[in-house]
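For the sequence shown, position 197 (counting from the first letter as 1) is numbered 197 according to full-length UniProt numbering, and the numbering increases by one without interruption. Glycine residues also receive a C-beta, built at the ideal position from the N, C-alpha and C atoms.
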Amino acid sequence: MSTSGMSNGVNVEGSTHKQVVDLIKSGGDCLTLTVISVTQKEAERLEPCDDGSAPVGVIGGAANSRATVYQRYDYTDKRSLPVSIPDYRLVMERNTGRSYVAFNVHMAGRHLCSRRYREFAALHQQLRKEFLGFNFPKLPGKWPFNLSEQQLDARRRGLEQYLEKVCAVRVIAESDAVQEFLTDSDDSSNPSPVDLKVLLPDKEVVTVCVLKSTNADDVYKAVCEKIGLSKSVRKYFYLFEIVEYNFGECLYTGC
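Shown next as C-alpha cells:
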C-alpha cells in the first residue's frame, strides 16, 4: 500500500519535494498533514513531475505508517557522451535457428555491445523505476510485424537518440543498469555478434556474421555456406588465422 496526502488543505499528490517545502513555508507556524492511502497499482499509475524533481511519497500500512521521500538525484549534471548506433545486423540463433535484429552500440567509434529492441525496452522500464523524477524520452514504438529497411533505420535512429539523451545525464549514465547494458556479454542468453572477414584462395574477401563465442568449426561452415562450397569438396580446404604477414596458423580442417 502506498499513500499520498494533503498539506494545509492543499492536495500534494504527485507534487515535487520543492513544491511541498514551499507550501510548508507559506503555512507559517502551523502544519496540518493528512495522509491518504492508495493501492500500489494506483501509486504506480501516477506520472512523475516534469521539472525533474522526485515526488513525495509515503510507504507503510496502518501498523507501520511512516513518511518517506523518494531518493533525489541531480539531473542537471550533464555531459556529452559520444554514444551512437551506426548500424544494425541480422543475427541467427544457433540453438533455435531463429533470427533477430541486433543494434550495434558504439562509444567514440568503438563497438561496445549489440542489443535487441526488447533489451532497450527492458532498460527503459528499469530506469523509469529507479529515476522516478526524470522525464525520460520515448522509445520507438513496438511493431508486431517484420520491419522494412526504412523502418529499421528509423528505429535505429530513435534508439540512438534515446541513448544520447539518457547518457547525457551523469547520474543515469553511471548507474548500474546503464553500465551493465553497455557492457558486452558473450553468454548464451545475450549473444554478441561480430563480423569476420575471411580471405579466400582467389584473394576475394567474404564477411560472415557470427557470435564472439563461435568456434572455428562453425566459422568454417558459415564461410562454406556463404560462398556456396559443396560438402563434397569442403575437405580440401582449411581455415587459417593470419598471425603475421605470410604466416598463418591452421584453426580448422575440412576433413
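Give me, in chain order, the residues of the same chain whose beta-carbon lies closer than 7 Å to that of residue i; leave out the 5 immediate sequence neighbours on both sides.
i: Glu164; result: Val83
i: Lys78; result: Ala168, Val169, Arg170
i: Asn64; result: Bear in mind that a pLDDT of 40 at Asn64, under 50, signals an unreliable position, so the number given afterwards is only what the model happens to contain. Here the set comprises nothing.
i: Phe103; result: Ile85, Tyr88, Ser114, Arg115, Arg156, Leu159
i: Cys224; result: Arg234
i: Arg110; result: none
Which residues in the same chain as residue i place their Cβ atom closer than 8 Å to its Cβ, once the five residues preceding and following it in sequence are excluded?
i: Gln161; result: Pro137
i: Val166; result: Leu127, Phe136, Pro137, Ile172, Ala173, Val178
i: Ala154; result: Pro140
i: Val10; result: Leu23
i: Ser80; result: Ala168
i: residue 263; result: Lying before the first or after the last residue shown, residue 263 is absent from the chain, which here runs from 1 to 255.
i: Ser189; result: Here Ser189 scores only 47 on pLDDT, less than 50, and its place in the model is too uncertain to base an answer on.
i: Arg98; result: Met92
i: Gly228; result: none
Report yes if the C-beta distance between residue i and residue j is below 8 Å; otherwise report no.
i: Val206; j: Lys226; result: yes
i: His124; j: Leu139; result: yes
i: Arg157; j: Tyr88; result: no
i: Leu239; j: Ala222; result: no
i: Gln101; j: Arg115; result: Rather than Gln, the amino acid found at residue 101 in this sequence is Val. No, these two residues do not count as a Cβ contact at 8 Å.
i: Val219; j: Leu199; result: no
Report, in whole angstroms, the separation of the C-beta atoms of residue i and residue j, which I expect to be a contact under 8 Å.
i: Phe120; j: Leu182; result: Not really, about 12 Å apart at Cβ, beyond 8 Å.
i: Phe134; j: Ile172; result: 7 Å
i: Ser175; j: Glu204; result: About 46 Å; that fails the 8 Å criterion.
i: Gln150; j: Trp143; result: Actually they do not touch by this definition, with Cβ atoms about 12 Å apart.
Determine whether the Cβ of residue i lies closer than 8 Å to any Cβ atom of chain C.
i: Ala108; result: Included in the structure is just one protein chain, with no chain C present.
Taking 6 Å as the limit between beta carbons, can you name the residues of its chain near residue i, skipping five residues before and five after?
i: Ala108; result: Pro82
i: Gln19; result: none
At what residue ranges does the region 87-130 contain a whole run of the beta strand (DSSP E), taking only runs of 3 or more? 99-107, 110-115
List in chain order: all unbroken beta strand (DSSP E) runs of 3+ residues lying wholly within the region 147-227. 193-199, 205-211
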